[in-house]
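Residue numbers for the first sequence follow our numbering, so the first one is 139 and each next one is one higher.
Every residue, glycine too, gets a C-beta built ideally from N, C-alpha and C.
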Amino acid sequence: MAAEYNFSEIETRWQRKWEQEQPFAASDDPALEKFYVLIEFPYPSGEGLHVGHPRSYTALDVVARKRRMEGYNVLFPIGWDAFGLPTENFAIKTGKHPRVVTESNINRFRKQLKRLGFSFDWSREINTTDPEYYRWTQWIFLKLWKHGLAYKTEMPVNWCESCKVGLANEEVVGGVCERCGGNVVRKSRSQWMLRITRYAERLLDDLKTVDFLEKIKIQQTNWIGRSTGAEIDFPIQSRPDRSMRVFTTRPDTLFGVTYMVLAPEHPLVEELLPRSSNPGEIEEYREAAAHKSDFERTEVAKEITGVEMKGVYARNPATGEQIPIWVADYVLISYGTGAIMAVPGHDERDWRFARKYGLPIVEVISGGNIEEAAFTEIDQGILVNSGPLNGLTPDVAIQRMTDIVESEGYGKKSVQYRLRDWVFSRQRYWGEPIPMVDCPSCGWVPVPEDELPLKLPQVEQYRTTESGESPLALLTEWVNTTCPKCGEPATRETDTMPQWAGSSWYFLRYADPHNDQALAARDKLEYWTPVDWYNGGMEHTTLHLLYSRFWHKFLFDIGVVPTSEPYLRRTSHGLILGENGEKMSKSRGNVVNPDVMVGKYGADAFRLYEVFMGPFDQPIPWSTQGLIGMSRFLQRVWDLQEKVSWEAPGSAETSRIVHQTIKQVGERIESLKFNTAVAALMTLANYFSSLEEIPREDWMIFLRLMSPFTPHVAEELWARLGHADQVSLQSWPAFDPALAAEDEVEIPIQINGKLRAKFRAAADLEDDEIRSRAHDEVAGHLEGRQVRKVIVVRRGDRNLVNFVVS
RNA sequence: GCCGGAGUGGCGGAAUUGGCAGACGCACCGGACUCAAAAUCCGGCGGGUGGCGACACUCGUGGGGGUUCAAGUCCCCCCUCCGGCACCA
C-alpha cells in the first residue's frame, strides 16, 4: 500500500531539493540552443501575491519546463519592479523608509513564489531599486540625453488641490484624486520628456516583424495613431508675413472651408490679438480654457465652444476667399499643428460648431444631406463646387489636391501621430534620481557616467512639497553641487523617473545580472536576446510594451543590443475575477488569498487550477470548488500508482491513447490552450483508472506530461518508480503518429444533414464499401425516397456519410 | 462615438476551423460503503413528446434572415455584456 498523498510534505521536500541543487539555473553556454521565457516581473505590493499573478507564471512555467525537456537551455528569470507609488504612499503614512518596506514585501513575494514551485532561475533575481541596477537605468537616460532624445519643457501636471500633490495619470480617476477624491487641476511645470515620437514610425512598422497577439498589435497601432494627410498654409490677410499652417486628412475638402480654428494655446493667437477688434473677449476665452481641467474639457465635450477673432482673416490658398478665424478648445495644441481648416459640410465637429455659431456650411462632396448632418464618408460621393476636383471621388481627390498644394507651394504631404512624447518626470521620492545638473552658465549637464549610480538620498519626509516639487528638493546639501563641466555652483535635478523606467529594459539585465561594467555584456545579450516568449497583462500592452520597445530600439541604434525588437512573441492572460464575477478587491470583500489555498489544497492543485479554470486570455471568475476538483484529480492520480506494473504487456489501445495525449498536450501548450491540455491529461488518467494494470512505460510518459503542470507530485511519483534522476530533467515524450492512429473508426450517417445512425468500420475501408454499408444501416429511412447524392467525408478521424434525399 | 473581444447546459467551458454540439471539470440527482455523516467508488445529468424498457422522434449554440448536402463555425441586419481609446482634424 502506497503512502498517503501528503502534498505539503512532498512539495516542501522537492522545493528544498530545487533550492539546494538549482536545477533550473540557465547556463550561459553558447553551444546550447537557448529559449528565453519571460513573465512581467511583479510589483512587490504590501498585499502580497494575488491569485492573478500565478496564472501567468504557471502558464509560462509550463512552457519553460516543456522547453527544458525538449532540450533547450531555458532562461526563465524573476525580479522585482519595486519603485512605485503604493510603497511611497505607505511610507508617507507610516514614516517607514520605502526601502525597508520594499525589502519586506519582496521577502514575502519570494517566499510565496517559491512555495508554488516555479522553475525560475533565482540566481538572476533583479530589483529595480537596487543602485547596482538603477545605475544602468540612469546610464540609459544619459545616452538618451546625449542623443537628443531627452529634453525639458513646460508641461501640465495633474495636481490634487487637497493633497497638494502632483499625481501620475494613473492616480487620476474620473478627474478626481484617487486617494482623497479631491479636485485635480493642471499645473504647468518644467518636465523631462523623452522623444518617443521620433520612433513612432518604426514602432508601428516593426509590428509586422513580430509575433504578438493580433489584438495587442491593434492596440499598439491605435495608440500610435498614424494619420496621413497634408499640411496646408493659409495666409493671414492683415499679416502678409504670417501664415496659419493646418494639418488635415481631407485635403479634398479644401474648397469647403468656411472658417479656421486655432487652439487657445496656439502662439498665433497671441500675435494676432492686437489686430482683432475683440482682444478682451479672446483673452477671457483663453483664460477659461487654460483653467479647465482635463476632466472638464472632456465633460463639456458635448458643448462645443469658441470665440471669433473679429477683424482678422485668413485666405483660402485654393480659392482666394477670405475666411474668419476662430479660437476654440476643441482644437488641441498637442496634435497636428494646433490649428485646423474647418469644413462643416464634411466634418462632424465643425458641423456642430458651425450650426451653433451660424457659420456657413458648404457642400463640396455630394451624396449626403448637409442640412441634416456632416457627410464624412470617404468611399462615397462625388466632389462638387471644387474647381479642378469636381467629378472626382474623395479618395482620388485627396491625392489630386495633395499634388496641387505641393506643386503650388502652399502645402505638403504630412503624417501625424497621435502618440505624444513621454512625460518622464515625477515629483516623487521613490524613483530613480534623474542624473542631471542645472548649471547657470552651462545649462543642463549630465552627471558623468563614472559617478553613477546617483544614489537616492535619505530624506525626512517622502511627500511631494507644497509647491509641487519632489521631496529631494528640500535637501539643500544634496541639491547644491558643482557643475561637472565648469566646476561652478549648480543644482541637481530633483525629479525622479517614472515606474516605467526600470521596467523598460529589465529583460536585458537578466542576461547578465551582476555585470558592473555594462548593463549586460554584449556576448550575453547576443546569446540570450531577443526574448522568445513574453507574456503579460493586457493593461500593459500600450504603455509598458511601447516604452520598452522604444528603449530597445534606441539601444539598438547606439549599438548596445543586437536586435531592434526586444520580444519575438507576446501573449497575454486574462484577469482572475472574484467568485461573484466582479473584479477582486479588498473593498468588494472577494479577494482570494493564495497562501490559504496552497495551504489547504497544495501548490500542484493550485497550479493546475490556475491553468485549467478557463481560456488563458480571458477573464475568469475564481471558483474554490473548481480548485477542490483539481485536488481530487491529483489524489486519483496518486492512487493510480498502485496499478503500475512492470509486467503489464501494454496494448495497441493504450499506446494509441497515450500518443494521442502526447500530441494534444504538446499542441495545446504551444497554442495557449492550457485548459484543454489539462483536460487531455485527465482523460488519460480516467482511462488508466479503467485498466486493471497500467504498463510502466505508459505511466512514465504520463508523468512526463504531467510534470510541467504539477511538478512536485510528478517528481514524487517518478521517484517512487525507483528513478534517481528527476522527471523534470527527462526528455519530452516523442509523438509517434503510427501509434496514435486509429485502426477502426466510428462513422456517423446523416440523412439530409440529420444524424440517423452510426457504424464502426475499419479505418482503411474503401469509400464504395462505406457507402453501401451506410446504405444498409439506414435502409428503413431511405425506403420510398430518392437518393439524389451521397457525400462521404474521410478526413483523418473525421468521417461522415450524408445521404441527400427527396 | 471609434477600435477590439465575447454571447453554447444550473456554472467554468470543449468542439481538430464548415462535418456526430455539450470534451474536461464544478454543482446537482440516484446507488454502493457507513449506526450515521463526511470522504471515496459506481451510475445519471440540455429541453420536449412517446414508451415499463434498451430506445425512438423532435427542438436546441443571444435574436432575425441568407449561403451550403451539411452552420456554434461563413455572409447580412439587430440586441446584450466586457475591455481599450475618446474633441486626434
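Check, Outcome
"Opposing strand residues paired with Lys290 [DSSP bridges]", "Trp330"
"Inter-residue spacing [alpha-carbon to alpha-carbon] between Arg327 and Ala163", "47 Å"
"Close Cβ partners of Phe873 (< 8 Å) along its chain, the five nearest in sequence each way excluded", "His797, Ile800, Lys801 and Gly804"
"beta-carbon Ala288 near the ligand ADP non-hydrogen atom, thresh 7 Å", "The ligand content of the structure shown is nil, which means the ligand ADP is not present either."
"Beta strand (DSSP E) segment containing Leu400, residue limits", "Tyr397 to Leu400"
"Cα-Cα separation, Glu921 to Ala876", "41 Å"
"Minimum length 4: unbroken alpha helix (DSSP H) runs contained in the region 647-703", "660-666 and 681-695"
"8 Å contact criterion, which Thr150 and Ala220 should meet: CB distance rounded", "Between Ala220 and Thr150 the Cβ distance is about 28 Å, and since that is not below 8 Å, they are no contact."
"The region 547-559 in contact with the region 578-597 per 3-pair CB rule at 8 Å", "no"
"Own chain, CB closer than 6 Å to Asp695, minus 5 neighbours either side, in chain order", "none"
"Beta-carbon proximity of Pro647 to Tyr181, cut-off 8 Å", "Looking at the sequence itself, residue 647 is Arg, so the reference to Pro does not match. No, these two residues do not count as a Cβ contact at 8 Å."
"Local conformation of Pro833 per DSSP, three classes", "strand"
"Identity of the residue in Gly640, Leu213, Lys623 and Val583 nearest Gly569 by Cα", "Gly640"
"Trp784 burial status per 10 Å Cβ neighbour count (16 or more: buried)", "exposed"
"Touching by the beta-carbon criterion (3+ pairs, under 8 Å), the region 478-487 and the region 386-398", "yes"
"Three-pair Cβ contact test at 8 Å for the region 363-382 versus the region 718-725", "no"
"Pick from Leu822, Thr680 and Asn937 that is closest to Ile354, judged by C-alpha positions", "Thr680"
"For Met768, the three-state DSSP class (helix, strand or coil)", "helix"
"Straight-line Cα distance separating Arg453 from Leu459", "Going by the sequence as given, residue 459 is Glu instead of Leu. Each residue's Cα considered, the two are about 5 Å apart."
"Sequence-distant residues of the same chain with beta carbon closer than 7 Å to Leu345, five excluded per side", "Lys355, Gln358 and Thr359"
"Under 8 Å between C-beta atoms of Arg708 and Leu683", "yes"
"Sequence-distant residues of the same chain with beta carbon closer than 8 Å to Gly519, five excluded per side", "Ile503, Ser504, Gly505, Gly506, Phe513, Thr531 and Pro532"
"Other residues of its chain near Thr347: CB distance less than 7 Å, five sequence neighbours each side excluded", "Glu703"
"Option in Ala427, Arg380 and Arg383 with minimal Cα separation from Glu403", "Ala427"
"Same chain, Cβ closer than 7 Å to Val931, five either side skipped, listed in chain order", "Asn937 and Leu938"
"Proximity below 8 Å, CB of Glu546 to CB of Val522", "no"
"Contact belief for Met479 with Thr386 at Cβ below 8 Å, rounded distance in angstroms", "6 Å"
"Nearest candidate by alpha-carbon position, reference Ala863, set Trp156, Asn144 and Glu147", "Looking at the sequence shown, residue 863 is not Ala but Asp. It is Trp156 whose Cα lies nearest to the Cα of Asp863."
"Nearest-angstrom Cα separation, counted from Val942 out to Ile929", "8 Å"
"Selected residue, minimal CA-CA separation from Val175, among Val481, Trp671 and Tyr644", "Trp671"
"Ordered list of beta strand (DSSP E) runs contained in the region 387-429, each at least 3 residues", "397-400"
"Straight-line gap, Val698 to Glu677 (C-alpha atoms, nearest Å)", "29 Å"
"Ile572 versus Thr620: straight-line alpha-carbon distance, rounded", "16 Å"
"Cβ shell of Ser761 (< 8 Å), same chain only, five flanking positions each side left out", "Glu717 and Met751"
"Limits of the unbroken alpha helix (DSSP H) element including Asp199", "His191 to Met207"
"Beta-carbon separation (whole angstroms), Gln773 vs Arg858, contact threshold 8 Å", "That pair is no contact at about 15 Å."
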